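First the structure, in the form of structure tokens, and then the observations on it.
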DNA sequence: TAAGCCATTGTAAACGTTTGTGTAAAGTGC
DNA sequence: GCACTTTACACAAACGTTTACAATGGCTTA
């Protein structure tokens with residue numbers, strides 16, 4: 001149905017080889033005269049290149065696949081923007097796939113659609129791959145890199161923030177303002193990222209001579225609901241004066257629940273969020289955060305895929321952004 | 001490098017045709033014995049199918065491309081979930097592309113990467129295609145459908161809410177609570193969607209015997225900033241008692257700016273948002289909204305692509321969701 | 001004028017699949 | 001034991017490109 005280079009060749013009275021060369025602009029391989037003939041024929045036929053066919057023979061693609069764990073996590077968009085920016089600089093195209101939230105079957109589906117097609121590389125944004133899917137990924141010949149997630153033992157390529165530092169600095173920011181009874185809400189200790197954040201949090205407290213109680217840490221999956229549940233668990237009479245939200249969403253959950261319990265932020269309760277997406281400045285009061293550089297992560301991810309030798313791990317910087325959710329505690 | 005069906009054929013001692021049929025599970029075309037041989041060989045070689053090659057010969061693909069206008073608009077994720085759900089039911093896969101915000105070059109890039117490859121159809125989420133890119137899209141043989149956007153004259157296939165009704169119902173909801181001086185903030189009158197919302201808004205006022213002043217309508221691009229700017233234009237001394245935000249983001253912008261101007265929501269100013277994404281229940285007070293059924297839009301979009309005959313336009317339902325940002329105005 | 005070179009173009013193989021057609025062997029009914 | 005059907009497989013063409021190699025012809029140079 002659609003026009004092919006064969007049709008163009010016939011119409012222009014040349015061979016398909018010449019058409020291919022003209023269209024690919026392999027100059028010094030054709031004359032001006034034929035070039036114009038070919039181009040005229042191409043536009044007349046409304047030719048659309050079939051890249052799949054071309055990729056089949058050249059065995060090389062220019063699309064990067066970004067696999068995202070869920071539509072719910074909002075930081076993904078910042079990473080994707082970084083990916084796009086860097087990719088476009090190098091004439092690469094980006095496609096995005098959603099892999100669902102801890103849904104092995106959907107992960108597999110997303111992975112399959114990219115592995116089975118020619119892609120130049122795969123970026124996995126904060127996705128906890130099920131073991132069988134990891135095997136799948138490794139079995140394919142496609143280069144890959146995890147973003148915004150880290151791993152313990154296995155030597156997987158990843159780019160992320162220093163999660164220990166994230167936990168440490170969020171906690172320390174509160175300590176510096178005089179807080180000593182500080183909670184950590186909505187963190188997931190099943191994975192490396194969460195474990196590191198807990199470790200950083202604990203160390204910051206210990207460095208200030210504080211021994212955290214077990215109930216100060218409320219586990220969860222970084223979601224709004226997890227933040228809410230954590231705050232419910234702390235209760236209106238909590239001894240805590242400050243809470244670190246494991247994510248922006250969790251922090252907002254904490255804040256809204258605190259309000260429902262009659263606690264004012266930051267008057268009664270200070271909050272530091274982890275992530276620092278635009279959500280932090282949308283809510284009232286705006287949330288002070290330990291902000292990750294997601295955009296940079298995206299850029300680094302593309303660079304990692306492009307580099308031959310695989311420098312396996314990389315850490316992107318974080319910074320504390322002061323907004324309105326932390327108050328200085330007067331020492332009593 | 002990677003194993004092909006040729007390798008499997010050699011290892012299993014059969015022809016590639018047989019391998020293909022076994023792998024595609026075209027039963028009644030092979031015996032149990034060969035099937036097991038082939039499967040054994042396939043796993044031994046770590047075979048990964050090259051779908052691009054298969055699609056080349058079958059001339060038919062099972063991936064749907066969703067083109068999104070920007071990473072910024074948050075409702076997209078709900079549409080995408082709808083798309084995924086419906087697509088997966090029919091063994092279709094979904095890839096997502098970002099087309100940038102009113103950036104013709106990036107639109108073109110996104111469009112090209114999908115048109116040049118075998119895709120089964122293209123869904124365009126709220127993207128205002130530049131004229132040249134629309135021509136491009138129409139020139140390709142790929143079926144397509146616009147989502148969450150509508151058009152005036154041209155007969156383009158689209159699925160969206162009734163934007164006139166959206167404007168009407170949002171305004172009417174405020175009128176019913178006794179408001180008579182009502183603004184509309186952040187709406188874009190350059191496109192059909194925005195124009196319809198303005199028309200609905202105006203009609204609702206007129207039906208209540210109210211003649212809207214020109215300055216009640218503040219134009220913008222549906223963004224947080226647009227909402228903020230609109231509220232700044234209204235000013236602290238505004239005669240308005242209520243405002244319709246052209247989107248969730250715009251409504252939040254209005255609300256936060258109002259607070260900065262010393263106005264309390266909803267005590268001094270009532271707000272109705274348009275869209276009704278989860279953002280509405282994240283902020284404080286939670287925003288009353290005219291909610292669109294984005295999930296349903298995604299489902300309908302996939303169905304539209306799958307149906308041969310193209311029933312060009314479809315309207316998805318909306319509903320008013322009462323939350324906390326509107327107060328009843330006592331008649332004086 | 002022959003040899004050599006360069007610019008331009010064509011020929012054909014290859015990429016990894018699917019599938020229509022052909023065919024040998026095995027099974028069926030009489 | 002014959003004609004027939006069925007089963008199970010192989011052969012080869014096709015999809016739309018790219019590209020190595022060959023071929024052509026004109027031009028330069030000695």
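Protein chains in written order, with full-length UniProt numbering: chain A, 1 to 332; chain B, 1 to 332. From the three backbone atoms N, C-alpha and C, an ideal C-beta is built for every residue, glycine too. Please read all numbers here as calculations on a predicted model, not as lab measurements.
Query                                                                                                                                                               : Result
Are the beta-carbon atoms belonging to residue 318 of chain A and residue 165 of chain A less than 8 Å from one another?                                            : yes
Taking 8 Å as the cut-off, decide whether the C-beta atoms of residue 305 of chain A and residue 120 of chain A are in contact.                                     : yes
Can you check the stretch 249–315 of chain B for any alpha helix (DSSP H) of at least 4 residues that lies completely inside it and give the ranges in chain order? : 279–282, 294–306
Does the distance from the CB of residue 184 of chain B to the CB of residue 246 of chain B come in under 8 Å?                                                      : yes
Interface residues of chain B around residue 239 of chain A at Cβ under 7 Å?                                                                                        : None at all; the shortest Cβ gap to chain B is about 25 Å.
For residue 96 of chain A, which residues in chain B fall below 8 Å Cβ to Cβ?                                                                                       : 95, 96, 97, 98
Just the chain B side, please: which residues come within less than 7 Å of residue 306 of chain A by C-beta, in chain order?                                        : Result: empty, since nearest Cβ-Cβ is about 18 Å, beyond 7 Å.
At what residues does the beta strand (DSSP E) containing residue 223 of chain B begin and finish?                                                                  : First-last for residue 223 of chain B: undefined, no H or E at that position.
Pull the bridge partners of residue 98 of chain A from the DSSP assignment, please.                                                                                 : A/68
I'd like the span of the beta strand (DSSP E) that includes residue 139 of chain B, first residue to last.                                                          : Counting along the chain, residue 139 of chain B falls outside any beta strand (DSSP E), though it belongs to the alpha helix (DSSP H) covering 131–139.
How about residue 123 of chain B and residue 301 of chain B: do their beta carbons lie closer than 8 Å?                                                             : yes
How many angstroms separate the CA atom of residue 177 of chain A from the CA atom of residue 87 of chain A?                                                        : 42 Å
Determine, for residue 147 of chain A, whether the minimum Cβ-Cβ distance to residues of chain B falls below 8 Å.                                                   : no
Applying a beta-carbon distance threshold of less than 9 Å, which residues of chain A neighbour residue 116 of chain B?                                             : 48, 49, 50, 51, 52, 54
Exposed or buried, what is residue 160 of chain B when buried is set at 16 or more other beta-carbons lying within 10 Å of its beta-carbon?                         : buried
Residues of chain A with CB under 7 Å from residue 43 of chain B, in chain order?                                                                                   : Ordered by position in chain A, no residue passes the 7 Å Cβ test against residue 43 of chain B, which lies about 10 Å from the chain.
Check the C-beta distance from residue 327 of chain A over to residue 267 of chain A and give it rounded, since I have them as a contact under 8 Å.                 : 7 Å
Among the candidates A/11, A/263, A/83, A/216, whose CA atom is the shortest distance from the CA of residue 186 of chain A?                                        : A/216
Establish whether the CB of residue 113 of chain B and some CB of chain A are separated by less than 8 Å.                                                           : yes
Against chain B, which members of the stretch 250–267 of chain A pass a CB distance test of less than 7 Å?                                                          : 252, 256, 259
State the Cα-Cα distance for the pair residue 29 of chain A and residue 9 of chain A, rounded to the nearest angstrom.                                              : 16 Å
Could you pull the start and end residues of the alpha helix (DSSP H) that residue 37 of chain B belongs to?                                                        : 32–45
Can you list, in chain order, the residues of its chain whose CB lies under 6 Å from that of residue 70 of chain A, leaving out five sequence neighbours each side? : 101
Can you name the residues of chain A whose CB is closer than 7 Å to the CB of residue 140 of chain B?                                                               : 48
Within 8 Å of any Cβ in chain B, is that where the Cβ of residue 287 of chain A sits?                                                                               : no
Could you tell me the alpha carbon to alpha carbon distance between residue 278 of chain A and residue 158 of chain B, rounded to whole angstroms?                  : 31 Å
Within a Cβ cutoff of 8 Å, which residues of the same chain sit near residue 228 of chain B, ignoring the five residues on either side of it in sequence?           : 253, 254, 256, 257
For residue 58 of chain A and residue 281 of chain A, what's the separation of their Cα atoms in angstroms?                                                         : 48 Å
Find the residues of chain B that neighbour residue 63 of chain A, judging by a C-beta separation of less than 7 Å, and give them in chain order.                   : 113
Checking contacts by CB at 8 Å: is residue 284 of chain B closer than that to chain A?                                                                              : yes
Should residue 108 of chain A be flagged as near chain B, meaning a C-beta pair shorter than 8 Å?                                                                   : no
Out of A/238, A/222, A/2, point me to the one whose CA is closest to residue 251 of chain A's CA.                                                                   : A/222
Taking only heavy atoms of the ligand GDP into account, decide whether any of them is closer than 7 Å to the Cβ of residue 10 of chain B.                           : With respect to the ligand GDP, the structure offers nothing, as it holds no ligand at all.
Along the stretch 219–233 of chain B, what residues have a CB closer than 9 Å to any CB found in chain A?                                                           : 224
Return no unless some Cβ of chain B is closer than 8 Å to the Cβ of residue 2 of chain A.                                                                           : yes
Alpha carbon to alpha carbon, what distance is there between residue 24 of chain A and residue 64 of chain A?                                                       : 21 Å
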